[in-house]
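Right, one structure below, let's go through it.
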Amino acid sequence: MAEKKWISEKEVEAMTGRKLQTLRNDRFHGRGFPYVKNGKSVRYLVDDVVAFMEARRVSTSDDPQKQNVPL
Numbered sequence: 488m489a490e491k492k493w494i495s496e497k498e499v500e501a502m503t504g505r506k507l508q509t510l511r512n513d514r515f516h517g518r519g520f521p522y523v524k525n526g527k528s529v530r531y532l533v534d535d536v537v538a539f540m541e542a543r544r545v546s547t548s549d550d551p552q553k554q555n556v557p558l
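Just so we're aligned: 499 in the working numbering is position 12 of the sequence shown, and the numbers increase by one with no gaps anywhere.
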């Protein structure tokens with residue numbers, strides 16, 4: 488069984504480009520990435536962050552999977 492990798496909010500910021508304050512606001516308002524809080528420590532699972540972002544991926548007309556789709 489693979490060990491799950493937990494990362495800090497600063498690592499999420501570096502990974503996603505979302506500012507720390509945005510991550511904190513999202514948590515306060517119940518939005519954003521799933522997380523775990525233990526005392527003052529906030530941690531995110533890498534797999535959760537990746538899944539969250541992939542679920543919001545937007546395809547463009549240049550996307551090969553979107554070509555040859557009947558209109």
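Every residue gets a Cβ at the ideal spot worked out from N, C-alpha and C, and that includes glycine.
Nearest in C-alpha terms to GLU490, of all of ALA542, ARG544, VAL533, is VAL533. A Cβ-Cβ distance of about 7 Å is found for the pair ARG530 and TYR522, placing them in contact under the 8 Å criterion. The Cβ atoms of MET540 and THR503 lie closer than 8 Å to each other.
In the three-state reduction of the DSSP assignment, VAL545 falls in the coil class.
Rounded to the nearest whole angstrom, the CA to CA distance from ALA542 to LYS527 is 28 Å.
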